[in-house]
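Numbering (the numbering used here), first residue to last: 5 to 66.
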């Protein structure tokens, strides 16, 4: 649950700065906060931007 909270906070920060610039790229790895393992197939959604993405077999999204 901690991972989701951190991700939500990061997305909120990026949305505020991205809204002013209108063009941005987000990428990175999603990891479990307890084990450090990457999360395969995790869904990330940005409702304000109308975008979403799923992590690949390595836990990476872009």
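All C-beta atoms in this analysis are idealised placements derived from N, C-alpha and C, irrespective of residue type, glycine included.
In terms of DSSP beta bridges, what is residue i paired with?
| i | result |
| --- | --- |
| residue 57 | 48 |
| residue 64 | 33 |
Closest by CA to residue i, which one among the options?
| i | options | result |
| --- | --- | --- |
| residue 71 | 27, 33 and 28 | Since the first and last residues shown for the chain are 5 and 66, residue 71 lies out of range. |
| residue 60 | 47, 11, 37 and 27 | 47 |
| residue 45 | 11, 39 and 62 | 62 |
| residue 37 | 30, 66, 11 and 31 | 11 |
Would you identify the three-state DSSP class for residue i, choosing helix, strand or coil?
| i | result |
| --- | --- |
| residue 22 | Confidence is the limiting factor: at residue 22 the pLDDT is only 49, short of 50, which leaves the residue's position unreliable, though a coordinate-based value still follows. Here residue 22 sits in helix by DSSP. |
| residue 38 | coil |
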